[in-house]
Every structure is written in structure tokens, then in C-alpha cells.
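Report on the following structure.
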Amino acid sequence: MSTPTRTPTGAPAHLTGSGGGGGVGADAVRPDGVLKVRGEFAYGSDLWMSDMLWGVTLRSPHPYARIRAIDTSAAAALPGVSAVLTADDVPGEKVYGLELADQPVLAVDVVRYQGEPVALVAADHPDTARRAAALIRVDYDVWEPVTDARTALGHPTWNMVHDSTPEVTELSRESAHLHPEGNLVRHLKVRTGNPEPTAEVVVVGEYEVGMQDQAFLGPESGLAVPAEDGGVELYVATQWLHVDQRQICSALGLPPEQVRLSLAGVGGAFGGREDLSMHVHACLLALRTGRPVKMSYNREESFFGHVHRHPATMRYEHGATRDGQLVYVKASIYFDGGAYASSTPAVVGNGGTMGIGPYVVPNVHVDCYGAYTNNPPCGAMRGFGSVQTAFAYESQMDALAAELGMDPVELRCRNAMEEGSATPTGQVIDSPAPVAELLRRLEAMPMPAPADHGDVDLRDMPGGVSNTTHGEGVRRGVGYAVAYKNVAFSEGYDDHSTARVRLEVVGGEATATVHTAAAEVGQGLVTVEQQIARTELGVDQVTVHPKDTTVGSAGSTSASRQTYVTGGAVKAACEEVRGQVLARAEQLVGRTVPDLRLAGGLVVSDAEGIAVPLVDVLGDDVLEETLEWRHRPTEAIDPETGQGFAHVQYAFSAHRAVVDVDTELGLVKVVEMACTQDVGKAINPQAVVGQIQGGTAQGLGLAVMEEILIKDGKVRNPSFTDYLIPTILDMPPMRIEVLEYADPHAPYGLRGVGEAPNISSGPAVLAAIRAATGLPLTRVPVRPEHLTGT
Amino acid sequence: MRLTCTVNGTEQQVDDVWEGESLLYVLRERMGLPGSKNACEQGECGSCTVYLDGLPVCACLVAAGQAEGREVGTVEALADADALHPVQQAFVDAGAVQCGFCTPGLLVATHDLITRHGRPSDAETREALAGNLCRCTGYEKILDAVRLAADRMAGTAAGAGTEAGGDR
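Chains as they are written, first to last, in the UniProt record's numbering: chain A, 1 to 790; chain B, 1 to 168.
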């Protein structure tokens, strides 16, 4: 079967160029950059084959209903329609899932959220397919949805939480069981120290975080091509080819060798592509019709087609001495997981284990719950269970500082975790943890110029060119926040990646090829793969092989893990290849040379004055190594106490936000964001700063504008008209300072970068708005009505 | 219906276009020019920005029939066969491209901005690009790229003795 092209006359689906050179630590240029600026990079929605059909999905309009009957006859009869499929047409397992297989490929008897896929259509034009889908008659028996996580678990009042609660109370028995085991996905307890602590000063707060969306720009898209062996080739924008393959095989009832995946160009991910979307659907339609089938969601469908960030309700109680030493933290955290589990168990793991922030606290009592409801399913999003709790614990630190009459940064520094500190889960931090230093460096940065009420540029005022203020009623505020985040997968997960590295002479030059299945979603992993190979093999030319399932799993492009884990795999494979090269060179030389190494396309020994061109050592031979690489193991945590070595590495970041608030209209202008972050080792400094800037923007977005609004289980704003993400007018200048305290356990000393800045930026903005207004502000996103009391 | 228009300097004729199709759909699916991106398809994100008779528009909001007899310019025409346009090169050099899905639309909008303004202030740049959403970068490196491109084009133009901005 031929490979799809992006256009009738276009280039292969997924090319990576050679890039601009540069090893580890250099601002290497991304190899796909030129293709992207030329408009030639083939994203999932750009794929094309001459005889392809278009697939569309019919989705449930109801959050909770029984399906009495489905009539597809009118849709199937529409000219141009090739197939109409329902759950009866799923040949293998009817349900799938990342951690728990609980989500139907197509609804079976019951729909549990608005937008749940019910039926599929393939037709010769996307509009034909959409018109056909509208002709499918589904007879629903509509039920009352369960829309609140605490109610779903039978804990509607906070008082019940700190009783050592039986998981199923009278209330939860009355609440509908959305799944056979009940509505609890996971309850994580963390217990350290004295269970009945007392303190001189106590602050209590209840906080709420709305449902944020990844809002990646490239819609869910892919092209499924039936193969002659009865299998299927899927070209798809995803974060983890092999976990997709596993779930697709299960649904199709096919073995892995018959389900081959290749990565299509990915237009952003941020966690939203870790779950399946159109993958199985396109494959089902392709296998049924015998023709290639392309599916590409429009923006509204994208909002229904992927999981979101868990909304959270949280109650925190902080106890401290009068001089600002934290004595205890008690927290109850509820994550609304929506209709299906997705990665809720792991999100609960993060929310619970890191839920009090990067502070040393002797007595901790945390309960973290994930619940099923009839809201949209929630799963992975950048910051993964830590974004929500950071809003709560950082708000609490500010509230405590105010209660103590202490500077908020001073309070944080006084309690900051450092290398050698123990986390509440009993894990000793065995690498640098410069929490206080990050805050102190932020404090030392220059402040932006004060708002000049005499001669203002309206574009810099809250409300901007809307001309709503010339500075009257505008108050400036400054806020700080610090956060930490685990890197890579935790709690004993076998977290590994596979890399194949080949070294050969091509066109008279030694050239390395790196082949991994690690998804490049925009973050720059392809550049990092090249940089590592250049550094380890001393060559300039490095080709990154297209990402597919013909090499072993690289794990997910999530959890800030790919540079660490796949980078580690590439480094290790390069070292193996290098060992072969050096052995050959020693054979050429005829003896052992102790300081032999690769540099500049040569095998060199400065001490012995040896410089043999790599091309002479390689000749016509191809040296290749494939290996799996693992970071040091983590362990499962004790279900009753939360104790254990759960996380392999932590990333640390801090933000200072400066805001101007129009207190009369409730409008916020973020004037500046400053960020300090420890990245261990900046493999590509330009890309590191790009991650920090982008993560900061998403945190700012959640603080002041981003929320999927849901009423009675129904989404009210599934569009970029109504779901707002920051524009270039909303983002301020950013000051960024990157620290590089090497982690002795990680390749090159690096730390995962991508998520931490997403966690600390939002709470800093919130703190700044509080400082400007004097309002308590316990819910994000902050809306004008919260600031004006209207 | 039959649509005839000039795209990137070449007259194009496309048959069997449905009345409901957008210019974006026709460019991407019928003319083999998928550089303009389909991110929201309701004029909110700017990913599909193209020139229509020399003015930047969201191609998703233009009914295909509205392009009849007119000139369309897409991101595919910014570079010549060998060299990137300075705006494109600046986006690559500044690290303003991450996932890159917003990039084609931003390039056309930036090209238009610099063509009109030469060296725009940051405030002018922010206003001009406010209709182009980017989810990856936080926009700082996009501002860097605009400054870099404007500087380079001004330098080139001064050296060549022509008006800043250059031709597309």
C-alpha cells in the first residue's frame, strides 16, 4: 500500500530536514522548522490520498441517557455514503482506556457524557458525511446526570471528609453508579507525622479550579489505510504511538503486526492526545470500506473529542508557628474525572503526593479523590494534577503570610524544600532543589516601570484599545508562586524508551540516523535527538527517522519525560555505537588507546596524536544498536499512608507576576511575568526558554480566562469564540532566568522542563490580582464579576 | 460550480466546487495547498490567513465563490525555490516555531505587517497579530522573530535602495 502524500503532488508525509547543527547545550535549530515555515510540514489534517473517504462521528447530545435504538438506514442510503457503523460493528473489545478499559469505542446501550461517540459515517465528501450523520436516528431515554464530584462520591459537605470515611455512604448509594464499581476512580491518602497536630496560627481555605482545555491548534486528525494483509496503516497525530497501537489492536481484534502506526505532524498536544480520539474510528471505517479514510475534527468536535484538565474543589488547612514555621497541612482534594477514567488514577497520584507544594511540613494529612461524573472526561494536561493543587497551596501560603504579617516570599523560603529534605511521602530529595533560591532570584529581578497615569498608552491598560480607562481605578499588584512537578512516570511504572542509532557513511560523510517512536508534538524532541547524537558520535549529519511502530515504544510524550527518557535512550544507544567504532579504530591502530574519542568526524586521541577520519573507520559498514533504556525505578506507594519512593525526579519553577487591575470594570492586564526555573542542564537553551514561555502562557490563561463552562453536564462554549486562550495582546513581556543544577541521576544532569512553568505561573497571577484588589479570590479563572462583586 | 482564480501568481481552475465550501477547503483539499491551516474554521485563530487581492483574510471565512476572478496568496508563495523569505527565516532563527500549526498564518500576517510598517513597534505588532492564536510559544519568540525580520528587511532594503518590506 502506498504512503499517503500531503497533497496530490506533494512531499512525503513526514520529513525531517538536517537542521542547523549543534550539540548538547547549543541553540540548535529544529530540523522541521524550514518545512513548517514553508507550509510543507504534513500535519495529520494535511494527509491525502487520491481515493480516500472522509469519516465523521455522530455524538451524543445528552450527558447521560440510555440508547433504546439506533436507525442508520437513512444515512446509509444517502448518495456518496460508503459505511455507517455503530458499536455492533466493533469486532474486538468494545471498551478501551489508558489505565482502565472503561470507555466505549462507540456507545454501548448508554451514553455517559455529551459528545460521546455513538456512530460513524464514511463518505466521499466531509459535508456528505456530516449530512448522513445527521440522518442517523438515535432513540434516547434521557437520565438525570451526575455533575458534581463530591456528590458523586457521597461527600457533599466538607465535614464528612475528615471522618475516616467509608468510601460508600448513604448519599453515594443514592447517587447513580456510572460504572459498576461505583463513582470512585481512586482515593489516595498521604499521612505523615502527628494525626492530631495543633498550631499557633491556622488558616483554612476552600478553592475551586475550572475545567481547562489543552486547546492545541492542530485538530485531531489522521488517515487510516487498509493493508493487503488485512491489517491497517494509521498515520495519526498522537503523543504515544505504542499505547495507541495496543488499544487499537484490542478494539479491532488484530495482532500488533497488523496495526502499524506512523506519526503524522502534530499541531500541539499538551496531554490532550494521550487518549484515543479518532484512531479506532478511522481504522474501523477503512477496514469496512477497503479505502483510505481521513478524519479531521473541526474545533467544536475537538472540544468534545479529547479529555480536559480535571476541575477541582479543594479544602486546605495550614497550621504554623507565629514565626512562620509550617506545623501541619490538611487537605481534601476532589478531581472531577468526568465520564471515563482516562488517566485520572495517575492524576490523583500526583495531586495527592505533591499536593502541599515544595515545602517541608512535619505533619501532613491529604485525601485526594478522583470521581466519575457525567461531565466531559478529564485526563492528561500539562501540569497533570499539580496545576490545581498549586492554586490552593500557594493561595494558602499567601493567606498564612497575611495572617502572620510576614512577607509571602519570606514565608515560602522559611519552609522551602531543599536537597536532603523529605517529601510528605517519605521520599528524600537526592538532587538539587533550589526552591528558596528561585524565589530570591525572582525578588532580585528589576520590576517593570510603574504605571504612569499621566501619559498612558491605552494599549497597555486593562481593557486596551477598548478605551475603558486612562488609569483611573487601576491598581497594580505583585504576586509570587513556586511549584514543583514530578518528571516521567511514577509509582513503579516501567518507564522506558527505545532508541535505534545507526552510523554509516553517506555521500562521503559519516552520518547518524536516530530512530525512536517518541512523538514530536512541537516541543523540540527531534532537535534534542540530533544534538545528543552529534555530541556522542562527533558527527554533524544526523537524520531523525520518521516516528513509527517499527521500533520499540518510547513511552508517552508527556510528564516532561521525553528528553530525559528518550534522550537517555538515544545517548545510551550512541554510546554502544561509539564503543563499536572505537574498537574498530583500535584494530586499525593495532593496540589499545586509553583516551580515544569521537569528535569532528574523527576518531582522535590528543595524547597519542591520533586523528583517523570516521569515514575510514566505518568504510562501507553500517553500525547499528537498538536498546531499551530505563531511569532508576520508582516504587508503588502505600495505599494507606502514601509513603514510598514514588517519583524519579522533580522539576522546580517560580514566577513573579505584575498585574494592573481595573477595579471598576474587573479587567486584568498582566504587565509582566518573570520566571526562574532549574532545568538541571539546558540541552537546547532556546527550546527550554520557549517551553517556559509557553507554559507560562497556559498558566496565565487558566488564571484569568480559560474555562470550559458546563451546565447540567453540557458544554456551553466549545469554540475559540467562547473558550478564550491568551492572545499576543494578553501576554506580557517575560523575564526568564534558567538555573542549571545538575541532577546526578539524569542524563547530562537534565531535568524535564515542560510542565513546571505551567504550574507556578497561574498562582502568581492570582496572588498579584489579590494584592491589587485585596479580594480573597478562591476560584480560577478569575472573571470580571469576581473583581467587581457583580 | 467552477472556480477560477489566481493563486500564488498562477491561474487556477477548479471544477465541482460546492457552494458551501470555503476558500480554505478549496486551497487545502482541491488545489493541494495545505499550508494554510484549519484550526478553528470560524475566523478566530488566524491559522488560515492568506492574501486576497493583497489584503490578509481568514480563508475559512471566505466562501470559495468569493474568490472568483481574484488573486490569492498563500504561505507557500513566501519563499522562492531556494531561499526562505526573511520573515520565514526569522521565525526559524528566533525559535518562534514550536508545533508550527499557527506559523503559516502568522507568517502571512507578519509579512503584511512589515510590508506596511517597515519596523513596527511592539505595540503595533501585538495589535496586528492579535488575531493569530499560538498555543505553544507564549508569543515572546514571535515578537523576537518580527523584530529580527523587520531589522533584516530594513537592512536589505537600505542596501538595495528600495522600500522596506520587499515583495512577496
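Note that CB positions come from ideal geometry on N, CA and C, so glycine has one too.
| query | result |
| --- | --- |
| Sufficient close CB pairs (3 or more, under 8 angstroms) joining the stretch 89 to 97 of chain B to the stretch 135 to 145 of chain B | yes |
| Touching by the beta-carbon criterion (3+ pairs, under 8 angstroms), the stretch 571 to 582 of chain A and the stretch 617 to 634 of chain A | yes |
| Beta strand (DSSP E) runs wholly inside the stretch 80 to 131 of chain A, at least 3 long, in chain order | 81 to 85 and 117 to 123 |
| DSSP three-state assignment for A/PRO256, whether helix, strand or coil | helix |
| A/ALA134 and A/VAL121 closer than 7 angstroms at C-beta | no |
| Any C-beta of chain A under 7 angstroms from that of B/ASN8 | no |
| Chain B contact for A/ASP229 (CB, 7 angstroms cutoff) | no |
| Residue-chain proximity (A/GLN693, chain B), Cβ-Cβ < 7 angstroms | yes |
| C-beta neighbour in chain A for B/GLY46, strict 7 angstroms | no |
| Any chain A beta carbon closer than 7 angstroms to B/TYR51 | no |
| Interface positions of the stretch 513 to 530 of chain A facing chain B (Cβ-Cβ less than 8 angstroms), listed along the chain | VAL521, GLY522, GLN523 and GLY524 |
| Beta-carbon proximity of A/PRO145 to A/PRO63, cut-off 7 angstroms | yes |
| Interface residues of chain A facing B/GLY73 [CB-CB closer than 8 angstroms] | Within chain A, no residue comes near B/GLY73; the closest Cβ sits about 12 angstroms away, beyond 8 angstroms. |
| Cβ shell of A/THR557 (< 8 angstroms), same chain only, five flanking positions each side left out | GLN239, TRP240, ALA269, ALA518, ALA519, GLU520, VAL521, GLN523 and LEU525 |
| CB contact check: A/MET734 to chain B, cutoff 7 angstroms | yes |
| Cα-Cα separation between A/VAL679 and A/GLY383, rounded to whole angstroms | 16 angstroms |
| Range of the contiguous alpha helix (DSSP H) that encloses B/ASP122 | 122 to 128 |
| Helix, strand or coil at A/ILE610 according to DSSP, with G and I counted as helix | strand |
| N- and C-terminal bounds of the alpha helix (DSSP H) containing A/ASN350 | 344 to 353 |
| Local conformation of A/LEU171 per DSSP, three classes | Confidence at A/LEU171 is low in this model, with a pLDDT of 46, below 50, so its placement is unreliable and the value that follows should be read with caution. Correct three-state label for A/LEU171: helix. |
| is_contact[A/SER45, chain B] using C-beta, thresh 7 angstroms | yes |
| Any chain B beta carbon closer than 7 angstroms to A/VAL37 | yes |
| From A/HIS306, A/GLY471, A/GLY567 and A/PHE303, residue whose alpha carbon lies closest to that of A/THR535 | A/GLY567 |
| Three-state class that DSSP yields for A/SER395 in the structure shown | helix |
| Bounding residues of the alpha helix (DSSP H) (the contiguous stretch that carries A/VAL514) | Premise fails: A/VAL514 lies in the beta strand (DSSP E), 509 to 515, not in any alpha helix (DSSP H). |
| Length at least 4, wholly inside the stretch 49 to 104 of chain B: the alpha helix (DSSP H) runs in chain order | 86 to 93 |
| Beta-carbon gap between A/ALA65 and A/TRP158 smaller than 7 angstroms | no |
| Test: B/VAL57 CB closer than 7 angstroms to a CB of chain A | no |
| CB contact check: A/GLY352 to chain B, cutoff 7 angstroms | no |
| CB of A/LEU58 within 7 angstroms of CB of A/ALA119, strictly | yes |
| Beta-carbon proximity of A/LEU598 to A/ARG578, cut-off 7 angstroms | yes |
| Status (buried if at least 16 other CB within 10 Å, exposed otherwise) for B/GLU44 | buried |
| Min CB distance A/ALA481 to chain B below 7 angstroms | no |
| Buried versus exposed call for A/ALA449 [16 or more other C-beta atoms within 10 Å across all chains shown] | exposed |
| Cβ neighbours of A/ALA380 in the same chain (closer than 6 angstroms, five flanking residues each side left out) | GLY271, GLU274, SER343 and SER558 |
| Within-7 angstroms CB hit, A/ALA133 to chain B | no |
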